[in-house]
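Per my numbering, the very first residue in the sequence shown carries number 49; after that it's consecutive. Even for Gly, the Cβ is constructed at its ideal location relative to N, Cα and C. Heads up, the thing below is written out as structure tokens.
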Amino acid sequence: MGQVPSAKPWLLIGSGRLATHLTSYLRQLDIPCRQWSRAHGWHGQALAEGTTLEDALPRCERVLLAISDDALAPFVAHHRHGAQPQPTWIHFSGSRSVDGAWGAHPLCTFGPESYAPEIYPTIPFLLEEAGPSLAELLPGLPNPSASIPAGDKPLYHALCVVAGNFTTLLWQRFFQQLEGRWGLDPALAAPYLRRTLANLEAADRQAALTGPITRGDGETVAANLTALESAGLSDLAGIYRAFQQADQATLSESAA
Ligand SMILES: NC(=O)c1ccc[n+]([C@@H]2O[C@H](COP(=O)([O-])OP(=O)(O)OC[C@H]3O[C@@H](n4cnc5c(N)ncnc54)[C@H](OP(=O)(O)O)[C@@H]3O)[C@@H](O)[C@H]2O)c1
């Protein structure tokens, strides 16, 4: 699917979560790519016997930086100047704008294991508005894409973290409590989790929210808060109160 003939391979930097997924996906698309990481040097075959990273850069068409956000700018500043001809540099951070590298944020979460092949082409890439298209940046990837102003990336990414990472933390707490407090199998909650996601994906997203805050069941809300405090879960009680306020704000926004 989507193979792009190219004289030069791509070079993937990093060996963490996203690098693992990108390696699987590029292999799936038959896009030639070499991988280098700080921890392991060349993964598999180097471009040529004894090739250093500095030697390899001008012999690559693209450099894909799957490294920590904080390492991006120093890495580009250190390595980009020497390579001639200059490859196209791409990073995958949702929050950062990096001099010398275009951003292409895969709007998904990437754990330690590769996903099923059919998942990868569905993941959208969020690009920088003034920059190249996805077809120019990562030719051969059939993924959907959209763009936002680069200056909005910190806000966009903060919203991704709140929606994705914070809900994960809340579900993890629920699973821990079911297991630790009552010895229940956390898998019991799986249908609830799946239905919550399915309802959010449905046409009327506003209708997905149920529960005592939405119903206006004030006594149940008060009982929930007391129970959380009594169980030593006052951090969750604090989150509950913050969500009460956030929900009221959301309701007034949708009514406006
Ligand atoms: N994981 C996700 O869900 C996700 C989603 C969208 C975008 N992203 C983006 O993908 C990028 C990588 O994230 P990740 O989740 O894959 O992180 P990760 O699993 O923590 O891996 C980070 C990688 O960065 C490397 N690294 C750190 N500092 C470095 C340096 N100074 N020089 C060279 N390599 C360095 C690490 O190398 P060592 O092993 O040598 O320490 C490691 O290979 C980030 O920009 C992130 O914002 C991630």
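- Relative to ligand 1, the nearest heavy atom lies less than 6 Å away from the CB of I115.
- For G64, the shortest C-beta to heavy atom distance toward ligand 1 is below 6 Å.
- In this structure the stretch 59-79 touches the stretch 113-130; the number of beta carbon pairs closer than 8 Å is three or more.
- Comparing alpha-carbon positions, the option among P80, W84 and L120 lying closest to L60 turns out to be W84.
- Taking the Cβ of P154 as the reference point, at least one heavy atom of ligand 1 falls within a distance shorter than 6 Å.
- At a threshold of 6 Å, A119 counts as near ligand 1, since its beta carbon sits closer than that to one of the ligand's heavy atoms.
- Counting other Cβ atoms within 10 Å of its Cβ, G92 stays below 16 and is therefore classed as exposed.
- Taking every protein chain shown into account, the CB of V146 has 16 or more other CB atoms within 10 angstroms, so this residue is buried.
- Listed in chain order, the non-local C-beta contacts of T68 below 8 Å within the same chain comprise F158, P160, E161 and S162, local neighbours out to five positions each way being set aside.
- Rounded to the nearest angstrom, the gap between the Cα atoms of P197 and P154 is 16 Å.
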